[in-house]
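Reviewing the structure listed below.
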Amino acid sequence: MKLYRYLTGPDDVAFCKRVSAALNRGWQLQGSPTLTFDPVKGRVICGQAIVKEVEGEWSDEVVLSDH
Numbered sequence: 001m002k003l004y005r006y007l008t009g010p011d012d013v014a015f016c017k018r019v020s021a022a023l024n025r026g027w028q029l030q031g032s033p034t035l036t037f038d039p040v041k042g043r044v045i046c047g048q049a050i051v052k053e054v055e056g057e058w059s060d061e062v063v064l065s066d067h
């Protein structure tokens with residue numbers, strides 16, 4: 001089964017830490033990163049899709065935090 005997540009971070013440092021932690025757990029980057037401007041807070045939000053292949057089939061019992 002392929003799990004898909006989309007990580008975001010309010011700044012480069014927070015975003016890089018989240019992506020690094022995911023890569024260390026076996027996730028892989030997918031597609032291009034994105035930048036979105038938050039007009040309320042006046043800052044750019046970084047984003048990146050990540051995927052991971054795990055054994056088994058999808059069910060409502062699957063919890064992403066377990067992977």
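Here UniProt numbering is used: the first residue of the sequence shown is 1, the next is one more, and so on. By construction, the Cβ of each residue, glycine as well, lies at the ideal position given by its N, Cα and C atoms.
Query: Counting along the chain, where does the beta strand (DSSP E) carrying V44 start and finish?; Result: 43 to 53
Query: Taking the alpha helix (DSSP H) that S32 belongs to, which residues open and close that run?; Result: Premise fails: S32 lies in the beta strand (DSSP E), 28 to 38, not in any alpha helix (DSSP H).
Query: Just tell me which of V54, K52, E55, T34 has its CA closest to the CA of I45.; Result: T34
Query: If you follow the beta strand (DSSP E) that R5 is part of, which residue opens it and which one closes it?; Result: 2 to 9
Query: Going by DSSP in three states, V19 sits in which element: helix, strand or coil?; Result: helix
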